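K.L.:
Here it is, the structure in full.
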Ligand SMILES: [Zn+2]
């Protein structure tokens, strides 16, 4: 005897399609998290480039401030030189001379710092340009992945819709009593409702040893054969 009643064959096909449907549903469920991760990546890439740009900018600002500072000191030197030219007092002349020397020393120091900053600024600018260019490439990768994800979502939704239709059709072809029992077991067990008898003695769901009655009932192709332990429907596998 073939052992497998046609009703059981249909039920197994339904269970297989429902398990596939559940897998697709789980895949679709992680989609928003995948998109969120890509968006976080984009934010991170942009922040990295922005940080380099700001570093270059702040060096430039610092250099400009030094320029202004140097100009102030130079103006003082010019003013003191005029005062020196105008004075007739030796004491004042030499005091102004000291001031001029002090201010000129300041100017030299500032100029040294300016040169150093210019060098640093150039390097920072180059680093920023490289980073911004690299960021563009990385962002393009993220965008490509987002497009891929968008396609994947549509594909998953299409497959889910097709699968839902197929499940509906398969369910309509089943005996109502069998389908009801299957649905109740599936609702409580979540994973699988119809399981094979394994090694001719054990339940393929909970793996417990079956009573002789249950095993015989399954072997006879009885649709009502169930495991006493877990309540799952049993079928006798065709060898
Ligand atoms: Zn069981």
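Numbering (our numbering), first residue to last: 730 to 968. Even for Gly, the Cβ is constructed at its ideal location relative to N, Cα and C. None of the values given here were measured: they were computed from a predicted structure.
Helix, strand or coil for residue 794? Go by DSSP, reduced to three states.
P.N.:
Your numbering for residue 794 matches position 65 in the chain shown. If DSSP states are grouped into helix, strand and coil, residue 794 belongs with the helices.
K.L.:
Confirm, please, whether the CB-CB distance from residue 860 to residue 778 is below 7 Å.
P.N.:
As a first step, residue 778 is located in the chain shown; it is residue number 49 there, counting from the start. As a first step, residue 860 is located in the chain shown; it is residue number 131 there, counting from the start. It is a contact, given that the beta carbons lie within the stated cut-off.
K.L.:
Whose C-beta lies closer than 7 Å to the C-beta of residue 914 among residues of the same chain, with five residues either side of it excluded?
P.N.:
To locate residue 914, count along the chain shown from 1; it is residue 185. Counting only Cβ-Cβ distances below 7 Å, and skipping sequence neighbours, we find 922, 960, 961, 962.
K.L.:
Could you tell me the distance, in whole angstroms, from the CA atom of residue 945 to the CA atom of residue 872?
P.N.:
Taking the first residue of the chain shown as 1, we reach residue 945 at position 216. Taking the first residue of the chain shown as 1, we reach residue 872 at position 143. Looking at the two C-alpha atoms, the distance is approximately 60 Å.
K.L.:
Please determine, among 904, 906, 957, the residue with the shortest C-alpha to C-alpha distance to residue 924.
P.N.:
Taking the chain shown and counting its residues from 1, the one referred to as residue 924 is at position 195. The shortest Cα separation from residue 924 among 904, 906, 957 belongs to 957.
K.L.:
Within 6 Å: the Cβ of residue 958 and any heavy atom of ligand 1?
P.N.:
Here residue 958 refers to the residue found at position 229 when the chain shown is read from its first residue. Under cutoff, so the answer is yes.
K.L.:
Mind pulling the beta strand (DSSP E) runs of 3 or more residues that sit fully within the stretch 885-958?
P.N.:
The stretch 885-958 contains these whole beta strand (DSSP E) runs: 923-927.
K.L.:
Would you check whether ligand 1 has a heavy atom nearer than 6 Å to the C-beta of residue 961?
P.N.:
Residue 961 sits at position 232 when you count from the first residue of the chain shown. It does: the Cβ of residue 961 is within 6 Å (strictly closer) of some heavy atom of ligand 1.
K.L.:
If you count every other CB in all the chains shown that lies within 10 Å of the CB of residue 773, and 16 or more means buried, which is it?
P.N.:
Walking along the chain shown from the start, residue 773 turns up at place 44. Flag for residue 773 reads exposed.
K.L.:
I want to check one thing, is the minimum distance from the CB of residue 909 to the heavy atoms of ligand 1 below 6 Å?
P.N.:
Along the chain shown, read from residue 1 onward, the residue named residue 909 stands at position 180. Result no, Cβ not under 6 Å from ligand 1.
K.L.:
Would you mind reading off the limits of the alpha helix (DSSP H) that contains residue 742?
P.N.:
Here residue 742 refers to the residue found at position 13 of the chain shown. 735-758 is the span of the alpha helix (DSSP H), which, as asked, contains residue 742.
K.L.:
Should residue 942 be counted as a contact of ligand 1 given a C-beta to heavy atom distance under 6 Å?
P.N.:
Taking the first residue of the chain shown as 1, we reach residue 942 at position 213. Every heavy atom of ligand 1 is 6 Å or more from the Cβ of residue 942, so no.
K.L.:
Quick one: using the 10 Å Cβ neighbour count with 16 as the cut-off for buried, is residue 883 buried or exposed?
P.N.:
By 1-based counting over the chain shown, the position of residue 883 is 154. Exposed.
K.L.:
Is any heavy atom in ligand 1 found nearer than 6 Å to the beta carbon of residue 934?
P.N.:
As a position in the chain shown, residue 934 is number 205, starting the count at 1. Yes, Cβ of residue 934 sits closer than 6 Å to a heavy atom of ligand 1.
K.L.:
Could you name the residues of the same chain whose beta carbon sits closer than 7 Å to that of residue 753, not counting the 5 residues immediately before and after it, in chain order?
P.N.:
As a first step, residue 753 must be located in the chain shown, where it is residue number 24. Correct list, in chain order: 885, 888, 889, 892.
K.L.:
Applying the 10 Å Cβ sphere with the 16-neighbour rule, what's the burial state of residue 930?
P.N.:
Taking the chain shown and counting its residues from 1, one reaches residue 930 at position 201. Its Cβ having fewer than 16 others within 10 Å, residue 930 is exposed.
K.L.:
Would you call residue 864 buried or exposed, if buried means 16 or more other Cβ atoms sit within 10 Å of its Cβ?
P.N.:
Numbered from its first residue, the chain shown carries residue 864 at position 135. Buried, by the Cβ-count rule.
K.L.:
Would you mind stating whether residue 763 and residue 878 have Cβ atoms separated by less than 7 Å?
P.N.:
For the purposes of this step, residue 763 is taken as the residue at position 34 of the chain shown. For the purposes of this step, residue 878 is taken as the residue at position 149 of the chain shown. Yes. Within cutoff.
K.L.:
When the Cβ atoms of the stretch 828-838 are set against those of the stretch 800-820, are three or more pairs found closer than 8 Å?
P.N.:
Enough Cβ pairs lie closer than 8 Å, so yes.
K.L.:
Mark residue 926 as exposed unless 16 or more other C-beta atoms lie within 10 angstroms of its C-beta, in which case mark it buried.
P.N.:
Here residue 926 is taken as the residue at index 197 of the chain shown, counted from 1. Counting Cβ neighbours within 10 Å, residue 926 comes out buried, since at least 16 surround it.
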